[in-house]
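Engineer: Read top to bottom, the protein sequences are chains B and F.
Going by our numbering, the first sequence opens with residue 1413, and the numbers climb by one from there.
Going by our numbering, the second sequence opens with residue 172, and the numbers climb by one from there.
For each residue, glycine too, the CB sits at the ideal point set by N, CA and C.
As the structure is a computational prediction, the values presented were derived from the model and not from experiment.
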Amino acid sequence: MNASKIAQLVCALDESTVTAIEQAIEQGIDPADLLKNGVIRGLEMVGEKFASKEYFLSELMMAGELAENCIKLIDKHLPEDRGPSRGVVVVGAVQGDLHDIGYGLVAKQLELVGFEVHSLGVNIPAMTFIDKAQEMNADIIGLSAFLVSTIPNCNEVLEYLRDMKLREQFEVIIGGAETSQEAADAMGADGWAPNASEAVILCQNLMKRRSQADVAHR
Amino acid sequence: MLLIGESLNASIPAVMRALVARNDEAIRALAVRQAECGAQMLDVNAAVPGRDEPEDLVWLVQTVQTAVELPLVLDSANPEALRAALEAHRGPAPILSSITDEAGSADATLSLAVEHDCELVALCMDDGKISADPHARFAIVQRLIERATAAGLKPERLYVDPLVMAIATDTTAVVSLLELVGLIRDNCAGIRVFCGGSNVSFGMPERRLLNRTLASMLAAAGVDAFLVNVRDQQMMATLRAAAALLGQDRWCKAYLNAYRAGKLSTRSA
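#1: Looking at the secondary structure, which residues open and close the alpha helix (DSSP H) in which F:Met336 lies?
#2: Measuring only the C-alpha atoms, how far is B:Leu1524 from B:Ile1452?
#3: Mind checking B:Pro1491: buried by the 16 CB within 10 Å criterion, or exposed?
#4: What beta strand (DSSP E) runs, 3 residues minimum, are completely inside the stretch 1452-1529 of chain B?
#5: With distance defined between alpha-carbon atoms, name the residue in F:Ser178, F:Arg318 and F:Gln233 nearest to F:Cys295.
#6: Of all the options B:Ala1479, B:Val1569, B:Gly1499 and B:Glu1571, which has the alpha carbon lying nearest to the alpha carbon of B:Ile1613?
#7: Going along chain F, which residues have a C-beta under 8 Å from B:Ile1513?
#8: Can you tell me which of the three DSSP states F:Ala307 falls into?
#9: Identify whether B:Met1576 lies in helix, strand or coil by the three-state DSSP scheme.
#10: To the nearest angstrom, how far is it from the Cα of B:Cys1615 to the Cα of B:Gly1504?
#11: Measuring only the C-alpha atoms, how far is F:Ala440 from F:Gln233?
#12: Whose Cβ in chain B lies nearer than 8 Å to the Cβ of F:Ala218?
#13: Short of 7 Å Cβ to Cβ, which residues in the stretch 1464-1475 of chain B face chain F?
#14: For B:Asn1535, which residues in chain F fall below 8 Å Cβ to Cβ?
#15: Does any residue of chain F have a CB that is nearer than 7 Å to the CB of B:Pro1491?
#16: Between the Cα of F:Asp195 and the Cα atoms of F:Arg308, F:Gln236, F:Val399 and F:Leu380, which residue gives the shortest distance?
#17: What first and last residue would you give for the alpha helix (DSSP H) that runs through B:Cys1423?
#18: If distances are taken between C-alpha atoms only, which option among B:Ile1441, B:Val1502, B:Lys1488 and B:Leu1469 comes closest to B:Phe1582?
#19: Name the chain B residues whose beta carbon is nearer than 8 Å to that of F:Ile301?
#20: Going along chain B in order, which residues have a C-beta closer than 8 Å to the C-beta of F:Gly162?
#21: Could you say which of B:Pro1564, B:Asp1551, B:Val1584 and B:Thr1429 lies nearest to B:Phe1527 if we only look at CA atoms?
#22: Anything in the stretch 173-207 of chain F with a Cβ closer than 9 Å to a Cβ of chain B? List those residues in chain order, please.
#23: Of the choices B:Asn1607, B:Asp1602 and B:Ala1608, whose alpha-carbon is the least far from that of B:Met1619?
#24: Would F:Leu253 pass as a contact of F:Leu243 if the rule is Cβ separation under 7 Å?
#25: Identify the continuous alpha helix (DSSP H) that holds F:Gly353 and give its terminal residues.
#26: What does the alpha-carbon distance come out to for the pair B:Ala1463 and B:Asp1512?
#27: Check the Cβ-Cβ distances between B:Glu1610 and every residue of chain F, and say whether any is below 7 Å.
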């Protein structure tokens, strides 16, 4: 048993993965390796199959649940101090939008790779995003809009942030079925992603940029 | 069983383009097509961000009414759009869709329904998260009924929409939905149930198969009104069969007429 076999099991949505990880840990395989090159890699492979339309949404959900169980187990064997969180994200569906699937997937995947995620729910007013982001000292605000009619409510959050002179404090990203890079650019957001796996990469890149900017600032 | 055509909705890109371009021919054709497919009412929705929804909905209502005689479901969360559309609308009173259990626009729309003696659709949600628990959602239904009754709407003028959720993200969603419909059926005399949307199959392949299988289950559970893609011939055949099987089609007359008209063929339209 090794990490790449674990990745294959996760990708096959095999419910014996947790047992396999137990065995791997008993055999002395590094839990951090099992996490990164096993479970997380397996999730990425599922994401690729979803993007190529081989896998469907319920399979993506199942992979999330499986990964969560694996990570719970691996966590027990990792050193206590895993270092600081990879970043703080406040995420939810904007006002008028009741679609909880997309942002829920993004929240789950971000959590799995080590972000501190605060999920606000659906139909969230602009000011609630901003209040929560300030309260949690967030790095990133993630706005989900599933409908053409609710995309302007993403823009509203950005406008409030500009009015309140808080725009520079947070990275703001948008996503959802009818959103696009063009829509994100038009409203002056910091990023857009077409799906949950890309959203994770986007957040990781934004965190890199933030830490570099932070160093430069000093 | 009431079958409502869902297709005249501005969230569908082709309909939005026709609405914005004031392409009355495209709108009329879609209305006529849905009537030919057996729709008994047509839902009209003109919500496009950044546009004047009252003006757009009035145009949509007037255009549809030059093409078909079918009664309409005026579909908007904006009471001003509903008011304008009601004034432009002619013929028997339309259904208003919809309110949620939130103060403000719900009360404005309720008073319009009372004033114009319209039936009204209430969505089973409030300003919080949508709960998966059928009993929590039933509590919202009870508050909606209280709100409507307090505003002077008779219970038999109210439809409740229990909201259909996707099974891809919660495989118990339909089990909970059927339980909720049962709770409404057993505890809310006079209230009818309205089910719309093809959300159930979101993220899954062969969506129409899931949609029509659910429709058949909902019919058996006692749902009264279906907002569906009436151009999906297999969906319509399934609903006609369900009505016959549930004793809602006297001597199976509608089923047999549909058979003779070639509408029960399982080939796609």
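Structural biologist: Here's the rundown:
#1: As a working mapping, residue 336 of chain F is identified with position 165 in the second sequence. It is not in any alpha helix (DSSP H) - F:Met336 carries neither H nor E in the DSSP assignment.
#2: Position 112 of the first sequence, counted from the first residue, corresponds to residue 1524 of chain B. Position 40 of the first sequence, counted from the first residue, corresponds to residue 1452 of chain B. Whole-angstrom Cα-Cα distance: 8 Å.
#3: As a working note, residue 1491 of chain B is residue 79 in the first sequence. B:Pro1491 should be labelled exposed.
#4: 1500-1505
#5: Here residue 295 of chain F is taken as the residue at index 124 of the second sequence, counted from 1. Sorting F:Ser178, F:Arg318 and F:Gln233 by C-alpha distance to the C-alpha of F:Cys295 places F:Arg318 at the top.
#6: Locating residue 1613 of chain B in the first sequence gives position 201, counting from the first residue. The shortest C-alpha separation from B:Ile1613 is found at B:Gly1499.
#7: Counting from one through the first sequence, the residue named residue 1513 of chain B turns up at place 101. By Cβ distance, chain F contributes Ala337, Ala339, Thr340, Phe373 and Gly374.
#8: Working through the second sequence from its first residue, we reach residue 307 of chain F at position 136. Of the three classes helix, strand and coil, the one that applies to F:Ala307 here is helix, per DSSP.
#9: Residue 1576 of chain B sits at position 164 when you count from the first residue of the first sequence. DSSP places B:Met1576 in coil when its eight states are reduced to three.
#10: Locating residue 1615 of chain B in the first sequence gives position 203, counting from the first residue. Locating residue 1504 of chain B in the first sequence gives position 92, counting from the first residue. Straight-line Cα distance between these residues: approximately 15 Å.
#11: Taking the second sequence and counting its residues from 1, one reaches residue 440 of chain F at position 269. Taking the second sequence and counting its residues from 1, one reaches residue 233 of chain F at position 62. A caution first: F:Ala440 carries a pLDDT of 49, below 50, which makes its placement in the model unreliable, though a value can still be read off. F:Ala440 and F:Gln233 have their C-alpha atoms some 28 Å from each other.
#12: Numbered from 1 along the second sequence, position 47 holds the residue referred to as residue 218 of chain F. Neighbours of F:Ala218 on chain B, chain order: Ser1561.
#13: Phe1468, Leu1469, Ser1470 and Met1473
#14: Position 123 of the first sequence, counted from the start, is the residue given in the question as residue 1535 of chain B. Correct list: Asp298.
#15: As a position in the first sequence, residue 1491 of chain B is number 79, starting the count at 1. B:Pro1491 does not count as touching chain F.
#16: Start at 1 with the first residue of the second sequence, and residue 195 of chain F comes out as number 24. Residue F:Gln236 is the option with its Cα nearest to F:Asp195.
#17: Counted from its first residue, the first sequence places residue 1423 of chain B at position 11. Segment Ala1415 to Cys1423, the alpha helix (DSSP H) holding B:Cys1423.
#18: Locating residue 1582 of chain B in the first sequence gives position 170, counting from the first residue. If we check each option's Cα against that of B:Phe1582, B:Val1502 comes out closest.
#19: Numbered from 1 along the second sequence, position 130 holds the residue referred to as residue 301 of chain F. Simply Leu1510, Asp1512 and Val1534.
#20: This structure cannot settle anything about residue 162 of chain F, because the visible part of chain F is limited to 172 through 440.
#21: Along the first sequence, read from residue 1 onward, the residue named residue 1527 of chain B stands at position 115. For B:Phe1527, the nearest C-alpha among the options comes from B:Asp1551.
#22: Listed in sequence order: Ala181, Ser182, Pro184 and Met187.
#23: Working through the first sequence from its first residue, we reach residue 1619 of chain B at position 207. With distances taken between CA atoms, B:Met1619 lies nearest to B:Asp1602 out of B:Asn1607, B:Asp1602 and B:Ala1608.
#24: One-based indexing of the second sequence puts residue 253 of chain F at position 82. One-based indexing of the second sequence puts residue 243 of chain F at position 72. No, Cβ-Cβ distance for F:Leu253 and F:Leu243 is not below 7 Å.
#25: For the purposes of this step, residue 353 of chain F is taken as the residue at position 182 of the second sequence. Looking at the DSSP string, the run of the alpha helix (DSSP H) that includes F:Gly353 is Ala344 to Asn358.
#26: In the first sequence, residue 1463 of chain B corresponds to position 51, counting from 1. In the first sequence, residue 1512 of chain B corresponds to position 100, counting from 1. The alpha-carbon atoms of B:Ala1463 and B:Asp1512 are separated by roughly 19 Å.
#27: By 1-based counting over the first sequence, the position of residue 1610 of chain B is 198. No, B:Glu1610 does not count as interfacial toward chain F.
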